[in-house]
Structure formats: C-alpha cells, structure tokens
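In the working numbering, the protein residues as written are 130 to 779. Even for Gly, the Cβ is constructed at its ideal location relative to N, Cα and C. Quick caveat: nothing in here was measured; it's all calculated off a predicted structure.
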Ligand code: MSP
C-alpha cells in the first residue's frame, strides 16, 4: 500500500486554542481522510511542544511545576481534537520519555560528528518566540516575528553549523521545486534568509532548565526548536528499537505549518536532517492566518473566537466547511461571524440541504419512497451526468495543491447544478401530466447526483455524508471511485426522510446567540485563569458534608432503553431510561465518548431528584454519573454485578 506521512506543528500548550489554531489541524485531518479515499496508508502526527522558558515562567506564575502545568493544558488540547473528531495516529508530547531519550542521542551524535560545537553566544533574545536574533534582523529594535521587546542575552552555548548548509539547502530547493509551498514563501526564505548567508544556530540554553538536558553537559538544555522539530521523526520511532514506522513513512509527504514557522521548517529542519544523514521532508506548506475582522486574534485584544460554541451551535461539519471553503489556504483570511452564518444559509441550508430534502421528498411523494428505474434519457440528463462523474477528478487536482476552497467550490457547482436540474425538469409538472417514465428518470438521476455528492463531501464533512446516504437508503461504504460512475445506486433502494440537515438560520438572531456563547466562554475561562492553583488548594480543603446532606441526593440504577441524537446539539444525546417501573428522559453530553450501540441495554447510575432542566430545548430529568480522568477519558458508572433497574444506591 502507498504510504503517506502528514504532520501538523507540535502545539505550544497555550491556555485555550482559538479557531486559528484549529486551522492547521482541521486541514491536516481532511487531507488524511482524502488520501485514505485514494487508497493511501496515511500516518498523521500532531502533538505538544512543552519545553522552554516561557512555559517555565507561566508554570511559576500559576504556582505549579512545569509538568503539572502542561499536563492540564495538553488534556484540554486533546479534548478539543476529540471534539473536532481529528483522527491523528500519534499525539507526541516533547516530555514523553521515548522522545527525550532520542533527542539526547541526536544531540550527542551531532556533537560527535562535529556538527555541533561549544562556544559563547551574545544576541537579542525574544522570550515568547524562544528565538535569538542578530541586531540586523530586528525590526525597530523589536522581534521581527512578533514585534515584542527583545533583551540582550549572553551565554555559553552549543552551536549547530547551520552556516555550512546554505548551498545544500538552495540546491535542495532547486532540485525539489515543490518543497516549499506556496511559492511566495520559498522566495521569502531565499531572499530574507539564505541569500546573504546563514549564521550558525545556537542550539542549547543554560539560563533556564525546563528542557531536555544535554546528556554530556547537564547545565544546558536543548533548544526547543530542535526538540520540537525532531518530534516528526521520534513520533515514528526513529532512533528507538521499534523504528518500523520511520522506515515506512519517512520522509514526510507534507509538514503543514502556519506561515510564521516556515523558516524553522525549511531551513533549520532540513539542515538538521542532512546532518543526521536523513532525507528532508518532501513538502512544507505554509498556510495563512485566520484573523478576526482583519486583526490578529489575541486574548489581550479580547477578539478571540473559540471553536467550541460554534461547534455546539452549528456542528462540526459546518465549522470545518467554513474554515476550508471561505479562506484561501496559502493566504490570510478574516473571520466574520456574518459571513459564517451567511455561508451556512447559502451553501449548506439552501444549496445542499434543499437538494437533499427536495430529492427525498419527491421520491417519497411520487414513487412511494423507492428509487425508480431510469427510462427515457434526454440532453439535460446527459449534461448532469457528465458533470457529475467528472467532479472527483477536479477535486483531486485541487487537493493535490491543497486548494481546499476550490475543491469545495467544484463540489458545490455540482450541488447547484443538480438543484437547477430539478427546476428545469419540474418533476411536479411531470407528475401532474402523468409522464411517469420521464419522472422516474428524473428521480433516478437526482438520487445518483446526491449519491455522488455524498462521496465527494465525505473527507470534508463525514457526518453529513453519512446522513445523506442514510436518507438515500444506501448502506454501502462511500468509496471515492464510485463518485466517478453513474448508475451505481441500486434500483429499488428505499429512501428514508430524516431531519433537515442544515436548518436555515435567522442571521440577526444567531449573531447574538453566537456572540453571547463566545463571550460566556471567554468569561468563564478568565474566571478560571490561574485556576489550576486554586483547584489544587480546593482539593486539599474539600468541604465535608453530613450523612443527611448525602441522603438528599437520590441515586438509582437505570437501564438505557434508547439513545438518539439531540436534534439541535451535536454533542448531546437524548436517552430514554427505565428506572424500575418508571421511564424518564435524560439529555447528556456523552456523545463524544459512546455510540448509541454502546449504551442501549446497559445499566448505569443516575441522579433522580435533580431539578428538571431544558438542554437546547429538550427536557432532561436527572443526570448520569461518569468518571473523567486528566486526559479527558470518560467512563460511565455502573454496578459490579447485574442488578434490577430502579435499585437504589446508598
Ligand atoms: N510550537 C510551535 C510549532 C513547533 S513545530 C515543530 C508553534 N506552536 S503554536 O501553538 O504557536 O502554533 C500551532 C499552529 O497553529 C501553527 O501552525 C500556527 O501557525 C497555527 N496558528 C496559530 N494561530 C493562528 C491563526 N490565527 N490562524 C491560522 N493559524 C494559526 O508554533
């Protein structure tokens, strides 16, 4: 099987990731899903970049050890990826033992080969960027990357002979014209960094100790970028006993990175790899930034948009669709709530949603819900068919260039064309005029068009693809090559109308709802700021309760009778439970942890005397009990032996 290796950057454990952070990971996940449809064996690595002075200082501010501090944040990052259904193969932490050991070996190897040497460093250091800058590189005396203050730092340090790699790098760029994408970034690297020669790179620090120790000189820790970039090979087992993945997947097919870190990935990283006698990656793609209404998102500016409320309100598919459709991947783009809601209405509710509901409704109305046999074909049918079977090739071409937006636009051209086909053929008139043969053909072609669309959107919108296939009555897997053929749906397939896939939204109202939900999250997060410390203290002084207090809470054993998706909230289930003779409904946010099949028939523990509440419009009578660990894993509580539902817990 053809192998494909794909990475996102290894994220800094910054408090809460905003929608800009999710951009790289969402894109990588879609590439993985897309490559899989083309028959590749894909390996996808992401992770967390946990060392460095900045983290050490933040941990101190919070009264925690650096490891404790990062543990909590990394658990939150993993939770976010789970919520976004990111299908990574390895989440590497730079604090993982196996990684630490290999970094020490790499450092020693480079030192022994003479690629690293000890000397003295004097330069301008930017703490937030963890980067030393030469005087000539500063912009108005400030860090050229982030524009913040730098300070003069002098220390004994180890250096990597980066200066010797200038010509080798230029040669690699020339022989591999696609190595840096988009092309403008390649020119930037050559003109801004390589043209005038490279300086040796300082690869150790001794002014703080939160890092990987240089094994033969314990007063020094390895420079964070060497530590973090090497994750791309240590995650595959490089330098360990089990390096099967490394042998199979290296060199990486794509490192996806934001534009500000292209320099590290296309200069430092390939040079280190060359020094280790390893092949450089095949491609580094530097995508643009997502700005908030033309400004950089930042907590201090108070303009951060978090992904959670958007997903909670409108679902993962709408969020991913917007990110990849609205912005050109290589360029900066601005997030506007109105634009997001308008696209939901135009592309998802009007174009796709309408096509699904019109098609299914007409098959139900005019042919008792059965996909009919096609009969008389005319020119309109041929043009629809020709367009339909050719979209997949166009999508492939765009996806090879990581042009998500144009790939989606090609699919949507066909969605709109199919909607137009309904208007052109006017099935309701055919039904009135009793042109049954023609009507059957039209209904058949509509099901075919929709079937093809369900395959094309799958890498981008897995849930919606599944829902369309369910409504069409197709139970087989959505195989990419089947998007290139017509007449694939079996005649006699029975459609089943379901919920409207994307309801139309009232923009003015939703703007408020979205804004409030985002603000609520910002407020709750700033309330919890520094909360780690408070939490720890709280654990020490847990308030004691009396047996009478405890007796106020009624716990019972309940059997799960059914489990349905909440119609308006992506993360919630609506469960019907049997508690002895009584039946009751509870709405619960356990969808990301359990499928309905996992739950139906199980006995679980519930609180039965909780005041009823409405969760997104549906009444919930009680609460399920579950345990959750630091990594965000969740497990529902149950009893050791099987016991009747309704049994009380005391
Ligand atoms: N730790 C380094 C990467 C080391 S890789 C060996 C790092 N981490 S980061 O957390 O700051 O960034 C992670 C990714 O999020 C980067 O690709 C970055 O470009 C991306 N984004 C952060 N904010 C962003 C936007 N506002 N818009 C788009 N992507 C942005 O850099």
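- Can we count residue 386 as close to the ligand MSP, meaning its CB is less than 7 Å from some heavy atom? Within the cutoff, so yes.
- Item | residue 339 burial status per 10 Å Cβ neighbour count (16 or more: buried) | So residue 339 counts as buried.
- Query: Would you say the beta carbon of residue 178 comes nearer than 7 Å to a heavy atom of the ligand MSP?
  - Reply: Yes; taking the cut-off as 7 Å, the Cβ of residue 178 has a heavy atom of the ligand MSP nearer than that.
- Query: In the structure shown, what three-state DSSP assignment does residue 213 receive?
  - Reply: Three-state result, residue 213: coil.
- Message: Which same chain residues end up closer than 6 Å to residue 718 when comparing Cβ atoms and leaving out the 5 residues on each side of it in sequence?
- Response: Shown here for residue 718: same chain residues with a beta carbon closer than 6 Å to its own, the five before and five after excluded, namely 700, 701 in chain order.
- Below 7 Å CB to CB, which residues in the same chain sit around residue 322 once its five sequence neighbours on both sides are set aside? Within the same chain, residue 322 has close Cβ partners 392, 396.
- Nearest-angstrom Cα distance between residue 727 and residue 721? Whole-angstrom Cα-Cα distance: 12 Å.
- Assess, as a yes-or-no matter, whether the stretch 143 to 161 is touched by the stretch 426 to 434 under the definition of 3 or more beta carbon pairs within less than 8 Å. Segment contact: the stretch 426 to 434 against the stretch 143 to 161, three or more CB-CB distances shorter than 8 Å; contact assigned.
- Message: My output table needs one value for residue 253: the three-state DSSP class, helix, strand or coil.
- Response: Strand, per DSSP.
- Mind checking whether the beta-carbon of residue 258 lies closer than 7 Å to any heavy atom of the ligand MSP? No, the beta carbon of residue 258 sits no closer than 7 Å to any heavy atom of the ligand MSP.
- Task: Please report how far the alpha carbon of residue 132 lies from the alpha carbon of residue 603, in whole angstroms.
- Result: Computed Cα separation, rounded: 30 Å.
- Task: Following the continuous beta strand (DSSP E) through residue 170, name the residue where it begins and the one where it ends.
- Result: Taken as a continuous stretch (DSSP letters only), the beta strand (DSSP E) holding residue 170 covers 170 to 177.
- Query: Taking just the CA atoms, how far does residue 199 sit from residue 666?
  - Reply: Interpretation of residue 666 is limited by its pLDDT of 33, a score under 50 that renders its predicted location unreliable; no figure is taken from the coordinates.
- Message: So, with DSSP's three-state summary, where would you put residue 496?
- Response: Three-state DSSP puts residue 496 in a helix.
- Query: Whole alpha helix (DSSP H) runs in the stretch 486 to 546 with 4 or more residues, listed along the chain?
  - Reply: Counting whole runs of 4 or more residues, the stretch 486 to 546 contains the alpha helix (DSSP H) stretches 508 to 529.
- May I ask whether a heavy atom of the ligand MSP can be found less than 7 Å away from the beta carbon of residue 153? Short note on residue 153: C-beta closer than 7 Å to some heavy atom of the ligand MSP.
- Query: Is the Cβ-Cβ distance between residue 520 and residue 567 less than 8 Å?
  - Reply: Against a cut-off of 8 Å, the Cβ pair of residue 567 and residue 520 comes out as no contact.
- Message: I'd like the ranges of any beta strand (DSSP E) spanning at least 3 consecutive residues and lying wholly in the stretch 231 to 305.
- Response: The stretch 231 to 305 contains these whole beta strand (DSSP E) runs: 245 to 255, 260 to 262, 280 to 289.
- Message: What does the alpha-carbon distance come out to for the pair residue 482 and residue 439?
- Response: Each residue's Cα considered, the two are about 19 Å apart.
- Identify every residue that forms a DSSP beta bridge with residue 779. Per the DSSP secondary-structure output, residue 779 pairs with nothing in a beta bridge.
- Of the residues 695, 679, 690, the one placed nearest residue 703, counting alpha carbons only: Nearest to residue 703 by C-alpha distance, out of 695, 679, 690, is 695.
- Buried or exposed by the 16-neighbour rule on C-beta atoms within 10 Å, applied to residue 798: Given a span of 130 to 779 for the chain in the structure shown, any question on residue 798 remains unanswerable.
- Task: Put residue 667 into one of helix, strand or coil per three-state DSSP.
- Result: Caution is warranted here: a pLDDT of 33 is assigned to residue 667, below 50, making its placement in the model unreliable, and the coordinate value is therefore given only provisionally. The answer is helix: DSSP assigns residue 667 an H, G or I state.
- Message: Taking only three categories from DSSP, how would you classify residue 719?
- Response: Reduced to three states, the DSSP call for residue 719 is coil.
- Message: Taking 7 Å as the cut-off, is the C-beta of residue 143 nearer than that to any heavy atom in the ligand MSP?
- Response: Yes.
- Counting only the same chain and skipping the five closest in sequence on each side, list residues whose C-beta sits under 8 Å from that of residue 754. Only 684, 733, 734, 735, 736, 765, 766 meet the Cβ criterion.
- So, using beta-carbon positions, are residue 367 and residue 174 closer together than 8 Å? No. Outside cutoff.
- My guess is that residue 587 and residue 625 are in contact by the Cβ rule of under 8 Å, so how many angstroms apart are they, rounded? The Cβ separation is near 19 Å, so there is no contact.
- Check the DSSP bridge columns for residue 689 and list the partner residues they point to. Residue 689 pairs with 706.
- C-alpha gap between residue 332 and residue 289, whole angstroms: Approximately 6 Å between the Cα atoms of the pair.
- Please classify residue 564: does DSSP put it in a helix, a strand, or coil? Three-state result, residue 564: coil.
- Task: May I have the straight-line CA-CA distance separating residue 621 from residue 605, to the nearest angstrom?
- Result: Taking the Cα positions, residue 621 is about 15 Å away from residue 605.
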